[in-house]
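2 protein chains.
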Amino acid sequence: MLSANIEIRDYLANLIAEYNAGNSEHFSAGRLPSERELVEQFSSTRITVRDALTKLEAEGLIYRSNRRGWFVAPSRLVYDPSSRVNFYLLAAQQNKTPATQLISQRCIKGPVEAREALGLVAKEKVIELVRLRSLNGRPVLFETIYLPEQRFPKLNKARLEGSLTTLMEEEYSVAICHEDNRIRVSAVYDQVAESLSLINGAPCLEVTRTRYEGDRQAFEFDKEYWVHSAIELSIPSK
Amino acid sequence: MLSANIEIRDYLANLIAEYNAGNSEHFSAGRLPSERELVEQFSSTRITVRDALTKLEAEGLIYRSNRRGWFVAPSRLVYDPSSRVNFYLLAAQQNKTPATQLISQRCIKGPVEAREALGLVAKEKVIELVRLRSLNGRPVLFETIYLPEQRFPKLNKARLEGSLTTLMEEEYSVAICHEDNRIRVSAVYDQVAESLSLINGAPCLEVTRTRYEGDRQAFEFDKEYWVHSAIELSIPSK
DNA sequence: TTGCGTATCTGGTCTAGACCAAGTTGTTTT
DNA sequence: AAAACAACTTGGTCTAGACCAGATACGCAA
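Heads up: the protein sequence lines correspond to chains A and B, in order. Using the working numbering, you'd call the opening residue of the first sequence number 1 and step up by one each time. Using the working numbering, you'd call the opening residue of the second sequence number 1001 and step up by one each time.
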């Protein structure tokens, strides 16, 4: 005996599979029926319908856009965090249209976590860059980047929405020698959630990265929050 | 103005932070108050309390044990999927007590995904091993391993609960030349969910691995489902 | 001492609504 | 044509319960 929410999940999962296989009759522009329509259709309640939708969301089959509705999730971006392929090239290779928006740029003391990773002492400051990246108009990545101010004086504001890796190589002669990525499932709140059109507490994939140059000197510390259904990490062996 | 569920989340998050810092007065054996007690305490409803708990679960601060209650999540196991350090050693290094249980062992045709990854043709079969791994008595990993039958005749049943990597090296002279890991956030159902004491549709971290030997011949295909709060992946640069 | 049944506790699922706030759309005004 | 407003739709949050099923603890019988 299946519970009602699983029945609804299975029903929708089938439609989604068909939709992804090219049969677009079920959803217009990838939009699922509204919760209230599903309640009607299954003679159920919103609690149960939302249970089903939340499960599909956890699986990455659908995503929600805050107060706009539920949508079929496009295919995931396959991403190797330790490769130096930049976001634009990667997206283009996978037939997706990328965009980057610089949300803020500050020079601050910064959080302990970043200061420690970068090995900062006393009054040394960090440049904090906050960016939002989208694929085909859908925000998928909220990232905060911390750079030691001393290492990167006079950052070229015009280039902060492009590839930072490229900028660093060309204008600061950075040569990465090592990199450490930490990956965990987490949740987003407040500014991160809002920027990604997610609700408070929505699950995400969190990537924390520290990059080193020369003789193991850290020069970059990043926090990435990925909409979990938008991404699949690919890690080839060393 | 904070919504009620966020207030409850924040309150519990603070207690959990204190608990993890060594102040054990709030929770006995890491167990949170029951949902109904929290309803009393906050003059709220179970829906709202469960919203708060679900958010803490998504963050990995707490986990649920099906119909037993909610518990503070222990520190995560830090794991490099492409390293060949075995599970027992890794757990021991991080002061955790590991255990492995062989759930089933079959010789079958196997799912398309595994057959393709292993490059099987016609009637070639795979050995399917299903294992459950625990840390300090808490199940954290459900894994299904597919091995080409031809490459691994007469598998030593006695050793299937230990390190497979070691077994393969010692009894089949396997030398890994390459490995590909795919990581995504997903959800667990049915046998996987039950084995991990999770409910249907609970989020998890899914790792799909293909290992190659010699001249790029695939010899192992794995599906790992990790309780997401139990793990953090560490990916050093190539 | 060891089972075994039972009462109780826990979360899992569901009903049948309500009101709110943000996003969308259509209409009116400028 | 553009801006402003209003009506409507959507999900977000919440109330106040109900019943179910698995997990647990406990007392009783063998």
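Note that the Cβ used here is the ideal one computed from N, Cα and C, for glycine as well.
Listed in chain order, the beta strand (DSSP E) elements of length 3 or more contained wholly in the region 134 to 192 of chain A are 138 to 148 and 176 to 188. Taking C-beta atoms as the reference points, T1097/B and E1161/B fail to come closer than 7 Å. Looking at the backbone, the Cα of E1128/B and that of V192/A are separated by about 41 Å. Remark: C-beta atoms of L1196/B and V1174/B do not approach each other more closely than 7 Å.
For R209/A, the uninterrupted beta strand (DSSP E) segment begins and ends at A202 to E213. In the DSSP assignment, Q93/A falls outside any beta strand (DSSP E) and lies within the alpha helix (DSSP H) extending over F87 to Q93. The beta-bridge partner set that DSSP reports for T1100/B consists of R1133/B. Below the 9 Å Cβ cutoff, chain B contributes D1180, N1181, R1182 and I1183 as neighbours of S234/A, in chain order. With 16 or more neighbouring CB atoms inside 10 Å of its own CB, I1008/B falls in the buried class.
Contact with chain B is absent for K96/A, since none of that chain's Cβ atoms lies less than 7 Å from the residue's Cβ.
Boundaries of the beta strand (DSSP E) around D1222/B: Q1217 to V1227. Rounded to the nearest whole angstrom, the C-alpha separation of I1176/B and Q1217/B is 10 Å.
For E1232/B, the enclosing beta strand (DSSP E) starts and ends at I1231 to P1236. Residue contact check for P1203/B against chain A: a CB pair falls below 7 Å.
Inclusion of G60/A and R31/A in the CB contact set at 7 Å is not warranted, their separation being larger than that value. One finds nothing in chain B with a Cβ atom closer than 7 Å to the Cβ of A218/A; even the nearest lies about 13 Å away.
A Cβ-Cβ contact shorter than 7 Å links R1211/B with E1179/B. As summarised for the region 14 to 79 of chain A, the continuous beta strand (DSSP E) elements at least 3 residues long and confined to that stretch are 62 to 65, 69 to 72 and 77 to 79, given in chain order. For R115/A, the uninterrupted alpha helix (DSSP H) run begins and ends at V112 to L118, by DSSP.
Judged by DSSP in its simplified three-state form, R106/A adopts strand. The closest CA to that of E1169/B, considering only R1151/B, I1183/B and N1181/B, is found on R1151/B. Listed along the chain, the chain B residues whose CB falls inside 7 Å of the CB of G60/A are R1184, V1185 and S1186. DSSP places E1124/B in the coil class of the three-state scheme, outside both helix and strand. DSSP places L12/A within a helical segment (H, G or I) once states are collapsed to three. For N1005/B, the number of other beta carbons within 10 angstroms of its own is at least 16, and it is reported as buried.
For H228/A, the closest Cβ of chain B is nearer than 7 Å. C-alpha of F42/A to C-alpha of E1116/B: approximately 38 Å in a straight line. Under a 10 Å Cβ-count criterion, L77/A is classified as buried, with 16 or more other Cβ atoms of the shown protein chains found around its own Cβ. Only exposed fits D1010/B, as fewer than 16 other CB atoms lie within 10 angstroms of its CB.
Of all C-beta pairs linking the region 1180 to 1189 of chain B to the region 220 to 234 of chain A, three or more are shorter than 8 Å, placing the two stretches in contact.
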